[in-house]
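Residue numbers (the numbering used here), protein chains in the order written: chain A, 1063 to 1346; chain B, 545 to 929. Virtual Cβ for every residue (Gly too), placed ideally from N, Cα, C. This report refers to the structure that appears directly beneath it.
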Ligand SMILES: Nc1ncnc2c1ncn2[C@@H]1O[C@H](COP(=O)(O)OP(=O)(O)OP(=O)(O)O)[C@@H](O)[C@H]1O
Ligand SMILES: [Mg+2]
């Protein structure tokens, strides 16, 4: 909120100055912060920069070109892997978000039932299980029951680990939502279904979108579980990039990675905008 | 079992509401019979309503008054259908509605927190109930316009609730609840979030809207001024029970018991023994040995020890020696239009006296002044046990 108060003009800026100085006064903090940021973003910057390198030796700059991108788009295997990634991410996101929404509704609006706390724990626990454990377990499980649906296996595995990610923002939104709005709807002759469709869901939508985008990004990004579960023709982009690296790092890898990065940035930005502009559920 | 139909099928929306005359004399709008509600069970159970029984007449401005936690909201929620009662019968125009779901009760609520749908404009909010009742589009349009006009919010039809002040949201909430023309309108402390001036203006307006629409209003408040100034009748509640049902005058002038007397306005209570035969006027001796004549209409035959009750503004002050008893001013609260004084008369508690500041050359009281205190035998009442 912007406070304009012309009665005390001198005080506010001085306060601000003092705050800034206090931050810099901790010895070495500024340097440390910059080091940290450099460590985080410099490799990514380098990766993106070299994806525009003309030559095919990774770390020797010979000139600007977009040839590697052309090559990426011309590579049928990469296109196939990218398509797989999108199919898996979209399906897993859709199923996981639906399940997560229903679970959140049952927990927040379903009244008291036996094992409510345990249910909440079970839904969120996968976030804490090491991914390699999940990966091995899923692999063993699929082969022991003889499940062989090709890309379907990957979708099922992704859906499973996406549910807790989708669940968290939806539940957070629902917990913060005023239940009297739903009562008001019922009071005004809306059936339970109409209340859900016209009041609960529209107000829950930012949470659902956030959950969906989170699971989409997580799914697109997944490597370990996909590596274990995916059959030969069902490779996704991260797994494909890994196999490319094993044959030697070319700027083509940089180019694919940059595309993936751009995609993530677009998703996160979209997420940021959708969550910012909606009115709050209990804003009066 | 008889089931109530939603307002849609029972009452077509009245473009002109039936007049009070047409509907008066009929059956009561709401009948409560021994309504009980217990939250939780076992050791943590809370008895919010313990056998509440009374009638609310059609086209009445009825108020539930009581201190915080006495069960007013619980009773209102039971009427709206948000809460299932643990026992008893609730009849709406003769039909038992205990098992009728919320969305089928021809009852609407104005929530304390307004609870407007934040993702809908003002007119969409007001149209919500009518849409759910599948009313024709042109009827919805005219009714919404009418309702917004009724609450003077026509200019804000396309705004979102977040773009309105608290008072404006309150009006929209009222319009939204009135639009489907419910048989009974429930209002849970709708004015409590408004400032004093707005609250007083809204009292008048609510009363006027009630008269115009001829809908039975059930209004919840813990503010006795609000209850007295707006209601046709009031039910005073305490700890899940109804203490008294009556008109504002009955409640204020002839409270049924000590709780009502003390909750609705300030009151003096004097413990005393009746020394005369029981009659319209009795003579009592107080613990401090004072002989007082009092209104004995409520005294039971054979009753000896009684509580005498007197409103502070019914006590008159006179020069020293000219009152029923002499006393000394102990404290003074200056209220602008009146002074509230505690005057010691040698009883257990000082007498609370409210003296209006109507006269320009009225004597200024000061702490320590000795004055005569005049008890009017008609105003000093024996309280019902
Ligand atoms: N959902 C609930 N679970 C358990 N106890 C409840 C619940 N709602 C209300 N109570 C209890 O029931 C009693 C009556 O509550 P209620 O809300 O009806 O009071 P009220 O008269 O409306 O008070 P206020 O003026 O503060 O709104 C209180 O003791 C309260 O603690
Ligand atoms: Mg309440």
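Helix, strand or coil at residue i according to DSSP, with G and I counted as helix
i                       : result
residue 564 of chain B  : Reliability of the predicted coordinates at residue 564 of chain B is poor, the pLDDT of 39 falling under 50, and the value obtained from them is presented with this limitation in mind. Residue state, collapsed to three classes: helix.
residue 876 of chain B  : strand
residue 844 of chain B  : coil
residue 853 of chain B  : strand
residue 732 of chain B  : strand
residue 1009 of chain B : The question about residue 1009 of chain B has no answer, for chain B in this structure spans 545 to 929.
residue 1250 of chain A : coil
residue 635 of chain B  : strand
residue 909 of chain B  : coil
residue 629 of chain B  : coil
residue 882 of chain B  : strand
residue 928 of chain B  : coil
residue 916 of chain B  : strand
residue 614 of chain B  : coil
residue 1114 of chain A : coil
residue 643 of chain B  : coil
residue 607 of chain B  : strand
residue 1107 of chain A : helix
residue 1179 of chain A : helix
residue 749 of chain B  : helix
residue 900 of chain B  : strand
residue 814 of chain B  : strand
residue 892 of chain B  : coil
residue 1137 of chain A : coil
residue 782 of chain B  : strand
residue 1128 of chain A : coil
Residue j beta carbon less than 8 Å from that of residue i
i                       : j                       : result
residue 619 of chain B  : residue 608 of chain B  : yes
residue 799 of chain B  : residue 778 of chain B  : no
residue 782 of chain B  : residue 813 of chain B  : no
residue 710 of chain B  : residue 738 of chain B  : yes
residue 861 of chain B  : residue 919 of chain B  : no
residue 882 of chain B  : residue 855 of chain B  : no
residue 655 of chain B  : residue 1242 of chain A : yes
residue 1212 of chain A : residue 1107 of chain A : no
residue 865 of chain B  : residue 833 of chain B  : no
residue 736 of chain B  : residue 605 of chain B  : no
residue 839 of chain B  : residue 925 of chain B  : yes
residue 733 of chain B  : residue 780 of chain B  : no
residue 1282 of chain A : residue 1127 of chain A : no
residue 1055 of chain A : residue 1291 of chain A : With chain A covering 1063 to 1346 only, the question about residue 1055 of chain A has no answer from this structure.
residue 787 of chain B  : residue 595 of chain B  : no
residue 1273 of chain A : residue 1228 of chain A : yes
residue 1249 of chain A : residue 582 of chain B  : no
residue 692 of chain B  : residue 671 of chain B  : no
residue 1223 of chain A : residue 1188 of chain A : yes
residue 858 of chain B  : residue 927 of chain B  : no
residue 1326 of chain A : residue 1110 of chain A : no
residue 845 of chain B  : residue 876 of chain B  : no
residue 574 of chain B  : residue 635 of chain B  : yes
residue 850 of chain B  : residue 816 of chain B  : yes
residue 689 of chain B  : residue 665 of chain B  : no
residue 615 of chain B  : residue 587 of chain B  : no
residue 1166 of chain A : residue 1232 of chain A : yes
residue 1315 of chain A : residue 1307 of chain A : yes
Nearest-angstrom beta carbon gap, residue j and residue i [assumed within contact, 8 Å]
i                       : j                       : result
residue 1235 of chain A : residue 1268 of chain A : 6 Å
residue 1278 of chain A : residue 1155 of chain A : 5 Å
residue 1313 of chain A : residue 1123 of chain A : Going by Cβ atoms, the distance from residue 1313 of chain A to residue 1123 of chain A rounds to 10 Å, so no, they are not a contact pair.
residue 687 of chain B  : residue 677 of chain B  : Their Cβ separation, rounded to whole angstroms, is 11 Å, which puts residue 687 of chain B and residue 677 of chain B out of contact at 8 Å.
residue 629 of chain B  : residue 580 of chain B  : 7 Å
residue 913 of chain B  : residue 873 of chain B  : 5 Å
residue 1244 of chain A : residue 1257 of chain A : 5 Å
residue 728 of chain B  : residue 760 of chain B  : 5 Å
residue 598 of chain B  : residue 789 of chain B  : 5 Å
residue 1197 of chain A : residue 1287 of chain A : 4 Å
residue 726 of chain B  : residue 644 of chain B  : 14 Å between Cβ atoms; not a contact.
Segments of 4+ residues assigned as alpha helix (DSSP H) that fall wholly inside the segment 1186-1216 of chain A: 1193-1207
Go through the residues and name those whose CB comes closer than 6 Å to any heavy atom of ligand 1, in chain order. B/583, B/584, B/590, B/592, B/610, B/612, B/613, B/614, B/615, B/616, B/617, B/618, B/766
Mind pulling the alpha helix (DSSP H) runs of 4 or more residues that sit fully within the segment 1239-1310 of chain A? 1241-1249, 1254-1257, 1263-1283, 1286-1291, 1299-1308
Let me know the alpha helix (DSSP H) ranges lying completely inside the segment 652-730 of chain B, each 4 residues or longer, listed in chain order. 666-676, 681-694, 710-722
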